[in-house]
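Residue 45 in UniProt numbering sits at position 45 of the sequence shown, with consecutive numbering throughout.
Quick reminder that beta carbons are idealized off the backbone N, C-alpha and C, glycines included.
None of these values were measured; they are calculated from a predicted model.
Have a look at the structure below before the remarks.
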Amino acid sequence: MADLEGGAPVPPTPRPISEPETAPASPLTSLNNSDPITLRVGERNFVTALATLTGESQFFSSMFSGNWHNTKQPDGSYFIDADPDLFAHILRYLRHNMLPLFYANGHHDLGLYAALLGEAKYFQIPSLVKWLEHETYFRAVKVQRDVDEAENVLDLRDLTKSNEEVEYHPFRTTEKVYVCPRGISLHRGRPNACGRLCQRARGDDPEEYEDEDVYKALVIRKTVVFDHRLCAGDE
Ligand SMILES: [Zn+2]
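Quick look at the structure:
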């Protein structure tokens, strides 16, 4: 269980759905699955299809089964006593069946998961409740690490992609560097640059190398990878 202390919203407790003043008790037998439904949630209206609402939510199945007193408003919308921002996530899930990931800048929004769990329970959506209760979202975000050794750190900065985080760990090391027998600095480190005169100067001696300090960097690229299959519910 993740630590949700410190400001995580408390999941709302179930609220009564019927509003006696505004509830005409007629069953909704005339509604078709593809009929548009307008839900009044807090101060916002959401328009969707009946099938979207009743597909997985037992709350909406009951509400539109005709067994309940409904909450139809004079303008034809249905009043739902819920937080519209959270309800937008509920409706997105019901529409697309994609389990939500609230992940940005290396962190999951645990407060939002906790708040949405309360709504998922209220609207009785078992797969969403399970996703949030089991904290499966942690498994849907993976960080891939690639480690490279770079000769020139400055050249690499431009290659950073937006979904990458790059760490540089500079270090100093020594390398054997070829030295020209005639001491020509342009030939240093480049044995092929030495011509006949250099070879003659070396005579029968072996090629000469000396230690040189070099500055390198370990480049660690972290790429965030989302497991969309897990979000679609088919593990
Ligand atoms: Zn040379």
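Where residue i falls, given that 16 or more other Cβ within 10 Å makes a residue buried
{"i": "residue 279", "result": "The structure shown has nothing for residue 279, since the chain only spans 1 to 235."}
{"i": "residue 115", "result": "buried"}
{"i": "residue 174", "result": "exposed"}
{"i": "residue 64", "result": "buried"}
{"i": "residue 197", "result": "exposed"}
{"i": "residue 168", "result": "exposed"}
{"i": "residue 226", "result": "exposed"}
{"i": "residue 121", "result": "buried"}
{"i": "residue 72", "result": "buried"}
Beta-carbon contacts of residue i that lie in its chain and below 8 angstroms, excluding the five residues immediately before and after
{"i": "residue 163", "result": "223 and 224"}
{"i": "residue 205", "result": "181"}
{"i": "residue 51", "result": "33 and 34"}
{"i": "residue 45", "result": "38, 39 and 77"}
Residue i Cβ short of 7 angstroms to ligand 2 heavy atom set
{"i": "residue 181", "result": "Ligand 2 is not part of this structure, which contains only ligand 1."}
Cross-strand partners of residue i (DSSP beta bridge)
{"i": "residue 36", "result": "49"}
{"i": "residue 208", "result": "179"}
{"i": "residue 217", "result": "150 and 170"}
{"i": "residue 78", "result": "39 and 72"}
{"i": "residue 139", "result": "DSSP, once it has assigned bridges, lists no residue as partnering residue 139."}
{"i": "residue 130", "result": "None, per the DSSP bridge assignment."}
{"i": "residue 54", "result": "Paired residues: none, contrary to the question."}
Contact set for residue i: own chain, Cβ-Cβ below 7 angstroms, skip 5 residues either direction
{"i": "residue 231", "result": "98, 99, 101 and 140"}
{"i": "residue 209", "result": "176, 177, 178 and 179"}
{"i": "residue 186", "result": "193"}
Pair within 8 angstroms by beta-carbon distance, residue i and residue j
{"i": "residue 43", "j": "residue 86", "result": "no"}
{"i": "residue 219", "j": "residue 148", "result": "yes"}
{"i": "residue 74", "j": "residue 41", "result": "no"}
{"i": "residue 94", "j": "residue 57", "result": "yes"}
{"i": "residue 130", "j": "residue 171", "result": "no"}
{"i": "residue 113", "j": "residue 132", "result": "yes"}
Residues of its chain near residue i, where Cβ-Cβ distance is below 6 angstroms and the 5 sequence neighbours each way are ignored
{"i": "residue 27", "result": "With a pLDDT of 45 at residue 27, under the threshold of 50, the modelled position of this residue cannot be trusted, and the question is left open."}
{"i": "residue 59", "result": "123 and 124"}
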